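>
In the working numbering, the protein residues as written are 1 to 110.
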């Protein structure tokens, strides 16, 4: 799933926009699945991109209302919106920052 945090609540994103941060010849584009994003980032390892939800494409279901944050993560194929890059060594997408306001320096998936 593509995930996004709003006020420390986790939501699924139906459409997200990936824009480059690092200078490269990659064209910004939209994605509708985490598999698409992972494949794209895997072909561009180490480059940093900004992944943002396309409003109002968040689902109305707050995912952590019935489960916990540990039920989601890059090891499960989820991608969290934010500054993202593919780590070839860990073989997963990392998001710089996290859902907790007090934990913004943490790597999600790191």
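Glycine included, every Cβ here is placed at the ideal spot set by N, Cα and C.
Keep in mind the model is a prediction, meaning the values are calculated, not measured.
1) So, with DSSP's three-state summary, where would you put residue 75?
2) Given this structure, state the Cα-to-Cα distance separating residue 63 from residue 11, to the nearest angstrom.
3) Would DSSP call residue 20 helix, strand or coil?
4) Suppose the cutoff is 8 Å on Cβ atoms and the five residues either side in sequence are ignored; what does the same chain contact list for residue 81 look like?
5) Any idea if residue 67 is buried or exposed, counting beta-carbon neighbours within 10 angstroms, 16 or more meaning buried?
6) Taking the C-alpha atoms as reference points, what is the distance between residue 48 and residue 61?
7) State the CB to CB distance for the pair residue 34 and residue 79, rounded to an integer number of angstroms; the pair is presumed to be in contact (CB under 8 Å).
8) Grab me the residues of residue 27's own chain with a C-beta within less than 6 Å of its C-beta, minus the 5 sequence neighbours each way, in chain order.
9) So for residue 36, helix, strand or coil by DSSP?
10) Is residue 47 helix, strand or coil when you go by DSSP?
By the coordinates alone:
1) Note: residue 75 maps to helix in three-state DSSP.
2) 6 Å
3) strand
4) 2, 3, 4, 5, 13, 16, 51, 52, 53, 95
5) exposed
6) 29 Å
7) Residue 34 to residue 79, Cβ: 4 Å. Contact.
8) none
9) Three-state result, residue 36: helix.
10) Assignment of residue 47 by DSSP, reduced to helix, strand and coil, places it in the coil class.
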